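This report refers to the structure that appears directly beneath it.
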Amino acid sequence: MNKQWDNQDFRKVFQFANDEKKHKKMLIESLNHHEQNELILERIKASLNDDYPTFLDMMSRVYKELDEDVKRPLFEWVIEHSDFENEAALLQELQYYRFFIETIQNQKEYLHIITLQQVIENLSQAGLQDLETITHYLLARYYFEKKANKNDYLERSHEKGEVLYQIIDAYFQHNKDYLIVVAQAFFKEEQLLQQDLINKKIEKIMHKATKKLDDIYYCQLPQETKITQLEELKVKVLHKLPIESNEFEQYPLIHRFLQTLQQYLEYLTQLQPIEYNETIDSLPTQPMPDEQQLQLIEAFYHQHHLYYKKSQIIEELLENPFVIQFYQFYNQIDELTDCEEMIKKLEELILDIRESGLKNKEILRRLLSVAQKEVEDFIQSEEKEEIVEEPLPIPIQNTDEVMKIGKFYVLKESVEDNPVNIQKIVQLLAKEDQKEIAWLKSLVYQIGYDKVHAYLLKSPAMSIDNLQTIIQLDRSLRFEYQRILEDIEMYFRSSFTYFLSNKYDQKYLMASTYQPFYKRGYLMGNLFEDKQEHYDQVKLLRNRIDDEIKNNNLQIVEEYRRYKYALPFSTAAGIMTFGWMINVFENLNYYDKAEYLRCYFERLTPQTFWHWMMSLNNLRNHCAHYQSLYRLSSLKELRPIMTKDVDSNGYDDDFKHSSLFYYTLIMIRLSPNVFNAEDFIDSVGILLRKAGRESGLVDLLKDYSFPKNWRYVLENEKSSKIHLVD
2 MNKQWDNQDF
12 RKVFQFANDE
22 KKHKKMLIES
32 LNHHEQNELI
42 LERIKASLND
52 DYPTFLDMMS
62 RVYKELDEDV
72 KRPLFEWVIE
82 HSDFENEAAL
92 LQELQYYRFF
102 IETIQNQKEY
112 LHIITLQQVI
122 ENLSQAGLQD
132 LETITHYLLA
142 RYYFEKKANK
152 NDYLERSHEK
162 GEVLYQIIDA
172 YFQHNKDYLI
182 VVAQAFFKEE
192 QLLQQDLINK
202 KIEKIMHKAT
212 KKLDDIYYCQ
222 LPQETKITQL
232 EELKVKVLHK
242 LPIESNEFEQ
252 YPLIHRFLQT
262 LQQYLEYLTQ
272 LQPIEYNETI
282 DSLPTQPMPD
292 EQQLQLIEAF
302 YHQHHLYYKK
312 SQIIEELLEN
322 PFVIQFYQFY
332 NQIDELTDCE
342 EMIKKLEELI
352 LDIRESGLKN
362 KEILRRLLSV
372 AQKEVEDFIQ
382 SEEKEEIVEE
392 PLPIPIQNTD
402 EVMKIGKFYV
412 LKESVEDNPV
422 NIQKIVQLLA
432 KEDQKEIAWL
442 KSLVYQIGYD
452 KVHAYLLKSP
462 AMSIDNLQTI
472 IQLDRSLRFE
482 YQRILEDIEM
492 YFRSSFTYFL
502 SNKYDQKYLM
512 ASTYQPFYKR
522 GYLMGNLFED
532 KQEHYDQVKL
542 LRNRIDDEIK
552 NNNLQIVEEY
562 RRYKYALPFS
572 TAAGIMTFGW
582 MINVFENLNY
592 YDKAEYLRCY
602 FERLTPQTFW
612 HWMMSLNNLR
622 NHCAHYQSLY
632 RLSSLKELRP
642 IMTKDVDSNG
652 YDDDFKHSSL
662 FYYTLIMIRL
672 SPNVFNAEDF
682 IDSVGILLRK
692 AGRESGLVDL
702 LKDYSFPKNW
712 RYVLENEKSS
722 KIHLVD
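Note that our numbering has the sequence shown beginning at 2, numbered continuously upward.
Laid out in structure tokens, this is it:
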């Protein structure tokens with residue numbers, strides 16, 4: 002061989018061997034060909050100490066097909082220069098490693114090839130049937146749930162790596178007992194998780210039920226009405242509980258609720274009904290709410306100079322006593338001093354009011370609009386601009402000296418050219434680079450004057466080299482973010498349309514013509530909380546369908562002929578923007594939203610999910626419109642993400658919710674493809690290291706809000722909120 006191979010060439014050859022069988026065959030033939038194998042064997046030997054994972058990858062793929070006169074001396078050399086005691090130990094390592102790699106490469110397939118119940122049943126039977134399939138399943142599941150990686154297996158320095166190895170060893174040693182222990186451990190975890198979810202659901206139901214119970218009992222209503230409402234509440238709550246009636250006694254919250262309800266019913270039943278004389282003086286007075294609660298609401302209206310009808314406020318407060326909690330929460334927010342925390346809490350208040358189903362009531366309508374306006378005002382205040390007071394207009398007529406442009410009068414003779422002047426931004430460069438005008442112009446032509454100006458405003462006196470590095474890094478990062486955001490968008494679109502269509506879509510025959518009639522879930526107004534908003538969305542969709550037909554969208558034209566405006570949801574979703582789809586989800590009734598999230602995501606409330614998706618849509622638009630990711634400091638660029646406490650963990654408290662890294666963390670949690678998430682982490686790491694080498698001034702925390710342990714955090718959170726479905 003005349004070619005001098007380096008590490009890069011060797012890796013390429015081996016990569017071909019990984020990719021396709023024919024290339025693997027070529028590599029084996031080269032190894033078996035004595036005239037050509039010397040350099041390849043040298044690289045294999047060198048990798049034993051320099052790159053052990055590559056050594057295992059290579060050897061485990063090809064050792065079975067090597068000629069004996071090639072394999073024998075190679076094995077002897079490896080045993081001599083490693084910790085392997087003999088050939089059997091080396092073969093075992095290669096065999097185990099190949100089994101491990103095959104499992105993690107086909108992880109998704111193995112996770113769905115069998116169920117845990119089938120695993121336990123098969124292992125409890127005599128014989129070794131399906132032992133390989135069972136081991137692949139258990140290995141893939143442990144690798145996925147424990148968030149393990151290849152290094153865990155190779156190093157075996159802690160429990161993860163040891164368990165991975167023991168699972169494989171149990172298969173090759175036909176040790177069913179160990180596999181049973183692993184399967185039972187998974188089964189126990191499943192039961193604990195299921196019980197935990199049941200406990201959380203019961204706690205949520207009983208919290209709302211207890212509050213409703215007190216609202217009914219203490220409200221100013223006739224006792225017969227109270228008794229009826231209490232009995233209806235009991236039936237409704239017991240129907241919602243995810244357990245059988247014989248299990249109620251095991252849960253103190255349920256027992257306490259039923260006991261209290263029964264006491265209320267007994268007390269109300271024993272009361273004598275009040276009889277009124279039919280005289281004006283003896284007529285019952287109108288019930289009144291708590292005076293302090295009414296004063297709290299009135300103080301809000303006075304503070305914001307809002308008109309209100311006191312009688313209507315009283316009536317609605319009596320009907321829905323719990324709304325006072327929204328005003329109390331607003332007052333607590335008003336006392337906060339941290340701007341970002343205030344926005345998060347206001348967003349939470351807005352979502353809570355929307356979820357209550359009373360946002361159009363007078364008592365909450367104004368509170369909702371004030372909260373929304375305050376959020377917008379906070380965002381706008383982040384980018385204050387100097388306001389130049391315009392002089393009072395003086396009536397002027399067109400003359401030879403004056404002309405009118407729009408509503409303004411200008412002096413004709415004052416006209417002069419006002420081109421884009423690159424000298425204005427040259428001054429923002431480092432002094433030694435202010436002569437590099439040609440280079441700066443080329444960057445302006447690449448991304449635009451405004452964007453170059455924005456970079457230099459964020460970091461004045463930046464060198465032209467560093468400016469170019471940051472521009473290139475930003476561009477590459479936007480591509481990486483867009484890949485994952487596209488995955489999330491498509492997963493949401495497909496899963497949401499699939500869920501709603503499969504649950505509600507129906508087909509009928511029309512009585513008169515026997516032609517098919519299609520009932521679509523997404524067009525049913527009774528499934529949505531705000532029927533007027535849903536009606537407006539359907540009207541907008543009809544207009545969009547008309548536009549697509551005019552533009553000769555063949556799919557829409559064809560399906561319109563068959564379904565008219567009742568297009569399948571999957572087709573309709575294709576002409577709806579991402580933000581539009583998210584708002585359709587937000588307006589859906591609470592129970593369907595919660596059921597959808599249980600099916601396709603992990604432990605997420607509808608409020609947090611909606612806010613996460615809207616925030617990622619903001620980031621998606623930011624990337625799609627070539628906006629900078631460098632030093633995002635303005636809340637107008639990235640709003641704080643609202644995450645309810647029940648959906649958070651320790652990481653949510655560690656980072657600013659308006660930082661790029663927190664957006665990245667949410668994005669990684671919602672990535673439906675764990676392998677793409679891993680690729681994103683690797684690619685971002687490479688880009689940041691490359692930029693650091695070229696610039697030397699890239700500060701991860703200051704420039705991109707990435708902490709030192711960013712890789713560890715993202716690795717632990719990848720796809721953690723995604724529920725794998727069969």
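We put the CB at the ideal spot given by N, CA and C, even for glycine. Computed from a predicted structure; not experimentally measured.
Applying the criterion that 16 or more other CB atoms from any shown protein chain within 10 Å of the CB defines a buried residue, is Q304 buried or exposed?
exposed
Figure out for me which residue from K345, Y328 and H137 has the closest Cα to the Cα of A171.
H137
Just to confirm my understanding: we take K719, look at its own chain, exclude 5 residues before and 5 after, and list those with CB closer than 8 Å. What are they?
K148, I669, R670, S672, V675, A678, E679 and I682
Nearest candidate by alpha-carbon position, reference Y456, set K709, D704, D52 and K109:
Checked all of K709, D704, D52 and K109; the closest Cα to Y456 is D704.
Should F327 be labelled buried (16 or more other beta-carbon atoms within 10 Å of its own) or exposed?
buried
Using a Cβ-based criterion (distance less than 8 Å to any ligand heavy atom), does F379 qualify as near the ligand HEM?
Within the structure as shown, the ligand HEM is missing, as the structure has no ligands at all.
Using three-state DSSP, classify M643 as helix, strand or coil.
coil
Rounded to the nearest angstrom, what separates E146 and S61 at their Cα positions?
26 Å
For K147, which of helix, strand or coil comes out of DSSP?
coil
7 Å CB neighbourhood of I423 in its chain, flanking five on each side removed:
I438, L441, K442 and V445, listed in sequence order.
If I'm right that F497 touches M582 with Cβ under 8 Å, what's the distance once you round it to whole angstroms?
7 Å
Quick check: what's the CA-CA separation for G162 versus C600?
31 Å
Please check the pair M59 and I80, which I expect to be a contact at CB under 8 Å, by giving their CB distance rounded to whole angstroms.
At roughly 17 Å, the Cβ-Cβ gap does not stay under 8 Å, so M59 and I80 are not in contact.
Alpha carbon of I199 to alpha carbon of T261, nearest angstrom:
22 Å
From F379 to K345, what distance separates their C-alpha atoms?
Spanning the two alpha carbons is a distance of roughly 11 Å.
Which runs of the alpha helix (DSSP H) at least 4 residues long sit entirely within the stretch 320-349? Give them in chain order.
325-335
Which residues mark the beginning and the end of the alpha helix (DSSP H) in which Q96 is found?
E88 to Q106
Output the boundary residues of the alpha helix (DSSP H) element that contains L269.
P253 to Q271
For the candidate residues Q538, F330, L468 and Q93, whose alpha-carbon lies nearest to that of L589?
Q538
Check whether the stretch 239-255 touches the stretch 195-212, counting contact only when three or more Cβ pairs, one atom from each stretch, lie closer than 8 Å.
yes
Under the assumption that L132 contacts L95 (Cβ atoms under 8 Å), give the Cβ distance between them as a whole number of angstroms.
Contact doesn't hold; Cβ gap of about 20 Å is too wide.
Between the stretch 499-508 and the stretch 540-558, do at least 3 Cβ pairs fall closer than 8 Å?
With fewer than three CB-CB distances shorter than 8 Å, the stretch 499-508 does not count as touching the stretch 540-558.
Give the straight-line distance between the Cα atoms of I217 and I255, rounded to the nearest whole angstrom.
Each residue's alpha carbon lies about 18 Å from the other.
Which residues DSSP lists as bridging Q507, in chain order:
Residue pairing by DSSP places Q507 opposite K520 in a beta bridge.
How about L617 and L661: are their beta carbons less than 9 Å apart?
no
Please list the terminal residues of the continuous beta strand (DSSP E) segment that includes F409.
DSSP places F409 inside the beta strand (DSSP E), whose first and last residues are F409 to L412.
Would you check if the stretch 454-468 and the stretch 481-496 touch, i.e. whether three or more CB-CB distances between them fall below 8 Å?
The answer is no - the stretch 454-468 does not touch the stretch 481-496, with fewer than three Cβ pairs under 8 Å.
Just to confirm the assignment, what range does the alpha helix (DSSP H) spanning V403 have?
Run containing V403: none in the alpha helix (DSSP H); it sits in the beta strand (DSSP E), V403 to I406.
Cα-Cα separation between D353 and L412, rounded to whole angstroms:
56 Å
Tell me I723's beta-bridge partners as DSSP assigns them.
F602
Using three-state DSSP, classify L715 as helix, strand or coil.
helix
Please work out which residues of its chain come closer than 6 Å, Cβ to Cβ, to L294, disregarding the five sequence neighbours upstream and downstream, and give them in chain order.
Before going further, note that residue 294 is Gln rather than Leu in the sequence given. Correct list, in chain order: I325.
Unbroken alpha helix (DSSP H) runs of length 4 or more, entirely within the stretch 129-210: which are they?
132-146, 151-156 and 160-173
On the three-state DSSP scale, how would you describe M577?
coil
Burial state of I546 (16 or more Cβ within 10 Å):
buried
As assigned by DSSP and simplified to three states, the class of L365
helix
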